[in-house]
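S.K.: Once you've had a glance at the structure underneath, I'll fire off some questions.
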Amino acid sequence: MSERNIKIFGRISSLQKQIDKYLDRIAEAAMLYQQLFDHFLDHGADDRLEELVGRVLKHKHKCSNLCRELEIALYTDMLIPDARGDVLELLHALDDLMDLFKDLAVDLSIRQPRFDPSLNHDLMAVVKMVTQAVDHLVKASRLFFSDYRAMQHDLHKVGFLEGEADDLVNKLKRQIFSTDDPIYKKIFRCEILDNLDDLADSAKDVAEMLSICAIKRAL
Amino acid sequence: MDPTIFIFLSSGLFLGWSLGANDAANVFGTAVGSRMVRFGTAALICSVCLALGAVFGGAGATHGLGKLGQISTLAGAFTVALSAAATVMWMTRAGLPVSTSQAIVGAIVGWNMFAQLNTDKAVLSKIAMTWIACPVLGAVFAMMLYQIIKGIIYLFKPHLLRQDQLTRYGLVLAGALGSYSLGANNIGNVMGVFVPSSPFTDLPMYGDWILTSTQQLFLLGAIAIGVGVFTYSKKVMMTVGDNLMPLSPVAALVVVVAHSMVLFVFSSTWLQETMVSMGLFKIPLIPVSSSQAVIGAVIGIGMLKGIKGVRQIRWMVLLNIAGGWMMTPIAAAILCYVFLFVMQNVFNQVVM
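Below is the structure:
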């Protein structure tokens, strides 16, 4: 086998690893955000929270770099010409999700919303649903590259969790607006919930895009 | 050697050029069109393998074509090849899909008519039957191959990038085999009519190896085909890819392999002898249309996908193609008759 062929084989393996690493980082960012939100509800804004926000930012930065490297590699090596557009769209959509995670983390650290402790359980449930939805999306994305026929299960879960998160967010909003707090505080707290809901919506949008990509990939 | 010989051979070379420009697209069109293989790589592999196929495997199919009509004069061969080439060029310019094999068969029938010789009905019907068998066989091979490759992909679940890489290698390998088969099968179209009046003499090469006069003729034809590949096939390759139906790279690979298999079936003396020794039927060794094989294979894949695939096939394009298949031999026969009349009565050439 020629040196060039060995290089190409090596290049493909390295790109596969890069894609896996990229997806790992997104799944990790989701877990970090869950940890961060849990910590915020229990301890408020402290040094540990700032450390967690810093880690989310670092993940976001690394993800953006990986996304750019993958994009350049796919174009310069003229790889997967038929599916390149779909793959790049997926990578960018996942990068946008990372952006939302970063914004949510920074938002929490800067605005430090005060929620009634009685809402903590439901708030944490929403965060868990959102992060689980992203986790299933990452699993489905991984399957898209190897066994696209098996990803429907995870895509279905993303849709289900988004719906559940929606319902819970509405319930929480009602609870927030039923208090005697000033209206600006109520709106402010609801904004935080809306941002979480947006993240779940985005995950669902990416899942829908992925299921179309799977139809296109079908042999 | 009389240099005027090359003037007579020029029509064959012209036909070779148009075969290279058009039929190379059947082998590498889907690969280049989908940007899986660079044009330069495709053209080089295609030209080299085509020349090898023409020189070392071209005799079988040419012999089959010779049974239809033995054109014994150079002027006659020139006119027959010119009529076929003109038909190919005229129909290509008119945007009609064309088969070089059908054009040359039509032209030979035109020569037979002009020379008031009876065309062997058995041979003609055998050739005409391959025009039906070729796309049908292409479809059957494509359906079988597609199912096998699909099964392998589902079983091993390769990463998208790895699948892409293996498909790329497969396309290059299948393209090389396809080019060899195209050279072996279709060189008869280009130079077959010149074989009985070949101006070359056997050339001793290395040791016992002799480059026969026919092989030299075929090599010349293969060079003309190669020039056609390099100079004009890119445009055709870029459009042939999804002309009839959008194809995935895996489907493109299946189409090229199925096409190569069809051409191999109709040009391999080894396969013919093996079939006969096994007591099975004798496969006719005749130049067949690579376009028909490709179209059959594409339709085969479309049908395999059920209603979704059938709806993806552009049926109007297919009707157009079928119309072209019917028109080509008739047009070539008429044109050849007219050209022979002109050659004999205006240029005073002995054409029969």
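If you read the sequences in order, they're chains A and B. Residues 40 to 258 (our numbering) are what the first sequence spells out, left to right. Residues 1479 to 1830 (our numbering) are what the second sequence spells out, left to right. Glycine included, every Cβ here is placed at the ideal spot set by N, Cα and C.
Taking DSSP as the reference, what is the three-state secondary structure of B/Pro1724?
M.R.: Taking the second sequence and counting its residues from 1, the one referred to as residue 1724 of chain B is at position 246. Coil.
S.K.: According to DSSP, B/Ile1688 sits in a beta bridge with which residue or residues?
M.R.: Here residue 1688 of chain B corresponds to residue number 210 of the second sequence, with the count starting at 1. DSSP output for B/Ile1688 lists B/Pro1682 as bridge partner(s).
S.K.: For chain A, check one thing: does any of its Cβ atoms lie closer than 8 Å to the Cβ of B/Lys1450?
M.R.: This structure cannot settle anything about residue 1450 of chain B, because the visible part of chain B is limited to 1479 through 1830.
S.K.: If you draw a straight line from the alpha carbon of B/Val1705 to that of B/Trp1495, how long is it in whole angstroms?
M.R.: As a working mapping, residue 1705 of chain B is identified with position 227 in the second sequence. As a working mapping, residue 1495 of chain B is identified with position 17 in the second sequence. Straight-line Cα distance between these residues: approximately 6 Å.
S.K.: Report the residue from B/Val1754, B/Thr1679, B/Met1753, B/Ser1711 whose alpha carbon sits nearest the alpha carbon of B/Ser1525.
M.R.: Residue mapping note: residue 1525 of chain B aligns to position 47 of the second sequence, counting from 1. Looking at the Cα atoms, B/Ser1711 is the closest of the given residues.
S.K.: CB B/Leu1749 to CB A/Gln55, shorter than 8 Å?
M.R.: Position 271 of the second sequence, counting from 1, holds the residue named residue 1749 of chain B. Position 16 of the first sequence, counting from 1, holds the residue named residue 55 of chain A. No, the Cβ-Cβ distance between B/Leu1749 and A/Gln55 is not below 8 Å.
S.K.: Cα separation between A/Leu216 and A/Pro152?
M.R.: In the first sequence, residue 216 of chain A corresponds to position 177, counting from 1. In the first sequence, residue 152 of chain A corresponds to position 113, counting from 1. In the sequence as displayed, the identity of residue 216 of chain A is Phe instead of Leu. Going by the C-alpha atoms only, they are around 15 Å apart.
S.K.: Spell out whether any CB of chain B is found under 8 Å from the CB atom of A/Gln55.
M.R.: Residue 55 of chain A sits at position 16 when you count from the first residue of the first sequence. With 8 Å as the cut-off, A/Gln55 counts as an interface residue toward chain B.
S.K.: Helix, strand or coil for A/Leu133? Go by DSSP, reduced to three states.
M.R.: The sequence position of residue 133 of chain A within the first sequence is 94, counting from 1. It is helical.
S.K.: Should B/Pro1765 be flagged as near chain A, meaning a C-beta pair shorter than 8 Å?
M.R.: Within the second sequence, the letter at position 287 stands for residue 1765 of chain B. With 8 Å as the cut-off, B/Pro1765 does not count as an interface residue toward chain A.
S.K.: Taking only heavy atoms of the ligand MN into account, decide whether any of them is closer than 7 Å to the Cβ of B/Gly1685.
M.R.: Among the components of this structure there are no ligands whatsoever, and the ligand MN is therefore not found.
S.K.: Should the region 1719 to 1737 of chain B be regarded as contacting the region 1643 to 1655 of chain B, the criterion being three or more beta carbon pairs within less than 8 Å?
M.R.: With the cut-off at 8 Å, the region 1719 to 1737 of chain B and the region 1643 to 1655 of chain B touch.
S.K.: By Cβ distance, which residues of its chain are closer than 6 Å to B/Asn1667, with the 5 residues on each side in sequence left out?
M.R.: On the second sequence, residue 1667 of chain B is found 189 positions in, with the first residue counted as 1. Same-chain partners within the cutoff: Thr1578, Ser1579, Ile1582, Pro1765.
S.K.: If you scan the region 1742 to 1791 of chain B from start to end, which runs of the alpha helix (DSSP H) of 4 or more residues do you find wholly inside it?
M.R.: Counting whole runs of 4 or more residues, the region 1742 to 1791 of chain B contains the alpha helix (DSSP H) stretches 1747 to 1755, 1768 to 1782, 1785 to 1790.
S.K.: Between which two residues does the alpha helix (DSSP H) carrying B/Pro1613 extend?
M.R.: Translated into positions along the second sequence, residue 1613 of chain B becomes position 135. Here the alpha helix (DSSP H) through B/Pro1613 covers 1599 to 1634.
S.K.: Quick one: which chain B residues come within Cβ less than 7 Å of A/Ile119?
M.R.: Position 80 of the first sequence, counted from the first residue, corresponds to residue 119 of chain A. Within 7 Å Cβ-Cβ: Leu1638, Leu1639, Asp1642.
S.K.: What is the rounded straight-line gap between the Cα of B/Phe1672 and the Cα of B/Val1754?
M.R.: Within the second sequence, the letter at position 194 stands for residue 1672 of chain B. Within the second sequence, the letter at position 276 stands for residue 1754 of chain B. Answer to the nearest angstrom: the Cα atoms are 29 Å apart.
S.K.: Would you list, in chain order, the members of the region 198 to 216 of chain A that have their beta-carbon closer than 9 Å to a beta-carbon of chain B?
M.R.: Those would be none; no residue qualifies.
S.K.: Given that a residue counts as buried once 16 or more other Cβ atoms are within 10 Å of its Cβ, and exposed if not, what is A/Met40?
M.R.: As a first step, residue 40 of chain A must be located in the first sequence, where it is residue number 1. In this prediction, A/Met40 has a pLDDT of 45, which is less than 50 and means its spatial position is unreliable; nothing more can be read from the coordinates.
S.K.: Between which two residues does the alpha helix (DSSP H) harbouring B/Tyr1647 extend?
M.R.: Residue 1647 of chain B sits at position 169 when you count from the first residue of the second sequence. Segment 1638 to 1669, the alpha helix (DSSP H) holding B/Tyr1647.
S.K.: Taking Cβ-Cβ distances shorter than 7 Å, what residues in chain A pair up with B/Met1514?
M.R.: Working through the second sequence from its first residue, we reach residue 1514 of chain B at position 36. Simply Pro120.
S.K.: Are the Cβ atoms of B/Ser1489 and B/Phe1556 separated by less than 8 Å?
M.R.: As a first step, residue 1489 of chain B must be located in the second sequence, where it is residue number 11. As a first step, residue 1556 of chain B must be located in the second sequence, where it is residue number 78. It is a contact, given that the beta carbons lie within the stated cut-off.
S.K.: Determine whether the Cβ of A/Ile226 lies closer than 8 Å to any Cβ atom of chain B.
M.R.: As a first step, residue 226 of chain A is located in the first sequence; it is residue number 187 there, counting from the start. Chain B contact via Cβ: absent.
S.K.: Can the beta-carbon of B/Lys1635 be found less than 8 Å from the beta-carbon of A/Ser185?
M.R.: Here residue 1635 of chain B refers to the residue found at position 157 when the second sequence is read from its first residue. Here residue 185 of chain A refers to the residue found at position 146 when the first sequence is read from its first residue. Yes; because the gap between Cβ atoms is below 8 Å, this pair is in contact.
S.K.: Would you mind telling me which residues of chain B sit closer than 9 Å to A/Ile51, beta carbon to beta carbon, in chain order?
M.R.: As a position in the first sequence, residue 51 of chain A is number 12, starting the count at 1. Residues of chain B passing the Cβ test: His1637, Leu1639, Arg1640, Asp1642, Gln1643.
S.K.: Shortest alpha-carbon distance to A/Cys102 belongs to which of A/Lys167, A/Glu67, A/Arg123, A/Leu91?
M.R.: The residue labelled residue 102 of chain A in the question sits at position 63 within the first sequence. Comparing Cα-Cα distances from A/Cys102 to each of A/Lys167, A/Glu67, A/Arg123, A/Leu91, the minimum goes to A/Glu67.
S.K.: Would you call the region 1510 to 1527 of chain B and the region 1773 to 1791 of chain B touching, i.e. three or more CB-CB distances under 8 Å?
M.R.: No, the region 1510 to 1527 of chain B does not touch the region 1773 to 1791 of chain B.
S.K.: Using three-state DSSP, classify A/Met40 as helix, strand or coil.
M.R.: Counted from its first residue, the first sequence places residue 40 of chain A at position 1. Residue confidence is low: A/Met40 scores 45 on pLDDT, short of 50, so the model does not pin down where it sits. Its coordinate-derived value is still stated next. DSSP places A/Met40 in coil when its eight states are reduced to three.
S.K.: Would you mind reading off the limits of the alpha helix (DSSP H) that contains B/Gly1518?
M.R.: Counting from one through the second sequence, the residue named residue 1518 of chain B turns up at place 40. 1517 to 1535 is the span of the alpha helix (DSSP H), which, as asked, contains B/Gly1518.
S.K.: Listed in chain order, which residues of the region 171 to 196 of chain A have Cβ atoms closer than 8 Å to some Cβ of chain B?
M.R.: Flagged, chain order: Phe183, Phe184, Ser185, Asp186, Arg188.
S.K.: Using a C-beta to C-beta distance shorter than 8 Å, which residues of chain A count as neighbours of B/Ser1746?
M.R.: Counting from one through the second sequence, the residue named residue 1746 of chain B turns up at place 268. Here the premise fails: no neighbours, minimum Cβ distance about 30 Å.
S.K.: Anything in chain A within Cβ reach of B/Ser1711, meaning under 7 Å, just list it in chain order.
M.R.: In the second sequence, residue 1711 of chain B corresponds to position 233, counting from 1. What B/Ser1711 touches in chain A: nothing, since even the nearest Cβ is about 19 Å away.
S.K.: To the nearest angstrom, report how far apart B/Val1816 and B/Gln1822 are at their CA atoms.
M.R.: By 1-based counting over the second sequence, the position of residue 1816 of chain B is 338. By 1-based counting over the second sequence, the position of residue 1822 of chain B is 344. About 10 Å.
S.K.: What is the DSSP secondary structure of A/Arg228, reduced to helix, strand or coil?
M.R.: Counting from one through the first sequence, the residue named residue 228 of chain A turns up at place 189. Three-state result, A/Arg228: helix.
S.K.: Using a Cβ cut-off of 8 Å (strictly closer), state whether B/Ser1769 contacts chain A.
M.R.: For the purposes of this step, residue 1769 of chain B is taken as the residue at position 291 of the second sequence. Output row for B/Ser1769: interface = no.
S.K.: Only counting the same chain, and skipping five residues up and downstream in sequence, which positions put a Cβ closer than 6 Å to that of B/Gly1547?
M.R.: For the purposes of this step, residue 1547 of chain B is identified with residue 69 of the second sequence, where counting begins at 1. Once the five neighbours on either side are set aside, the close Cβ partners of B/Gly1547 are Ile1586, Trp1589, Asn1590.
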